[in-house]
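Chains as they are written, first to last, in my numbering: chain A, 32 to 225; chain H, 83 to 406. Notes follow the structure.
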Amino acid sequence: MPANLTNFSPAGGYVDSDADDLALVERCRAGDAAAFEAIVERYQRVLFTVALRMLGNHAAASDAAQNAFVKAYQKLDTFDQTRRFFSWIYRILVNECLNTQRDGRPLEAIPPGLAAVGTPADAFEAGERRRRVQAAILALPTEYREVIVLRHFTELSYEEIGEALHLPAKTVKSRLHTAKERLATALRGLESRP
Amino acid sequence: MTEFDPHPDVSRLLDELGPADPPPGFARNVMARILDEHHAASKKTVRFNREERAMTRKVMWGLATAAAITLAVFAIKGFPPVGRGTEGTVGAAQKYQAPQIADKDVVLGDSAVQEFLQSDTFERVMKDVDARALLADASVRSALEDAELRKAIEDPDIRASLTSAELRSAFANADLRRALDSAELRRAYDAEFRKAYDVEMRKSGGDPSLRQAVDDAALRRAAADAALRRAVSDSAVRQAVGEAALRRAVEDPAARASLADANFRKAIENAAVRKALSNDEFRAAMAQSRADAAMRSAALARAIGNPAFGAAIRSAQMRNMLAK
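Encoded structure:
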């Protein structure tokens, strides 16, 4: 896997995006607001996923991801081009999610994939499993939740997560280990289906 | 990745959650907010320049009129001798003339509106940048002319719902609007939800560990799924809403949220709120970054609740004050 990766790219998996990101950022800084659309298109799915796993609520996740994009646009001038754009925007998103949590908005989640409408018992069981996993993620303290979410739903490396969260890679690794231990305890007895 | 994973089961369970798609129209909403701000910033510059030019013109006219009056007075009464103590005369004439010119620009409304616009209540709105920005939007002012909408948004939950991405996304689609507009669907959904919730409660009540892990919110979600599935099978609902709109409602997370969330439901039960949300420009205004803060503003809520607000929102004077 090459080092410079973006994830959940709609077509064909991972792409090297740093150069594209920087070019788009440059266009935005030059006053071409529409250039930001390509950035939104590129990152909307992964940012929404991170927000959803952090917050467990579609509406709150959508708001947090939208706010993250808008804030990123407003603060583009402060973006240090020697760093990766996606690390920077993830940091903004994680802060948004933490703010949402602090606001104390009740998190009444909507289940992922009501696409299971009319499907048999397997789908129901899978839905239950997903709900329990999501509940276990939400029960983690924030410092563990953010690393497990960034690691699993963005495929960032330890170094990239560290860059996004302003943590040494070693700390990321150790928090990730603890997070998984806690999840393993919380989800004991729950088996995934291949 | 070749590193050792001590908890492969946990990793598999996490993988099973997978990525999630943002609600339909997500990118469009983000860009609408960004482009709004971009244009607002440009307009602000243009407006400032216009105001600056207008002010310069006013000052010039003021000075010219003052000079003319002073000359006329001097011509009739004779020019005063130049000496100590007379240096401030022209300045005094300018000060006297300036309010006369400013008065020409004031459009007077009825006394209740005047009183409201000069009240502390409205002054607080003028000092609240978020509330002021929201009211400066023509589509918002137009929507707030509706007394029913003003009454509905006295409820803070409804105010908060108006800026929700979920609700805006649902109302952006004609099929979903038709579904959410349907009292038949909402009624059937509620009836089915109550039944399904009881079933889910009983089901999870037998398994304490499951109950602990999923909590009440999860029960509600499961019940909401079941309720929607059953409600869309109802023949009266199918007839009222139509297959395509129902299919869309079942597939769309924003529509599901609109039906399941108690606050959203409060909002969409109100016809005036549904009408406002059906307007593209109103939704775009609610997507602006300041709308959320504005809708939480106590100053705005108090102002909207004032009996004179309905007349004031229609007045040119209020529009002009907000535009300054």
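Built from N, CA and C at the ideal position, the CB exists for glycine as well.
Within the model, the alpha-carbon separation for A194 (chain H) versus A254 (chain H) is close to 37 Å. DSSP, read as helix, strand or coil, puts L117 (chain H) in helix. A distance below 9 Å separates the beta carbons of A215 (chain A) and V92 (chain H).
Between the region 119–132 of chain A and the region 176–191 of chain A, the count of Cβ pairs shorter than 8 Å is three or higher; the stretches touch. The Cβ of P335 (chain H) sits closer than 9 Å to at least one Cβ of chain A. Restricted to the region 94–119 of chain A, not a single beta strand (DSSP E) segment is unbroken, complete and at least 3 residues in length. Distance from the CA of P199 (chain A) to the CA of L187 (chain A), rounded to the nearest whole angstrom, comes to 14 Å.
Shown here, G220 (chain A) sits in coil according to DSSP, grouped into three states, outside any helix or strand. With a cut-off of 8 Å on Cβ pairs, the region 368–388 of chain H is not in contact with the region 266–274 of chain H, counting fewer than three such pairs. The beta-carbon distance between L258 (chain H) and A252 (chain H), rounded to whole angstroms, is 5 Å. This is short enough to meet the 8 Å contact definition. For T245 (chain H), no alpha helix (DSSP H) encloses it, and the DSSP letter there is neither H nor E. Each residue's CA atom was taken as its position, placing K348 (chain H) and V319 (chain H) some 20 Å apart. One alpha carbon belongs to A367 (chain H), the other to R94 (chain H), and they sit about 42 Å apart.
CA-CA distance, T173 (chain A) to R214 (chain H), rounds to 36 Å. Burial state of Q321 (chain H) is exposed, judged by a 10 Å Cβ sphere holding fewer than 16 other Cβ atoms.
DSSP places A218 (chain H) in the coil class of the three-state scheme, outside both helix and strand. Judged by DSSP in its simplified three-state form, Q370 (chain H) adopts coil rather than helix or strand.
The beta carbon of A270 (chain H) does not come within 9 Å of any beta carbon belonging to chain A, so the residue lies off that interface. Within its own chain, the residues whose Cβ lies closer than 6 Å to the Cβ of F67 (chain A), once the five positions on either side in sequence are excluded, are C59, Y104, listed in chain order. A109 (chain H) and Q75 (chain A) do touch by the CB rule: their CB atoms are close to 5 Å apart, below 8 Å.
Here H183 (chain A) carries a helix assignment [DSSP, helix/strand/coil].
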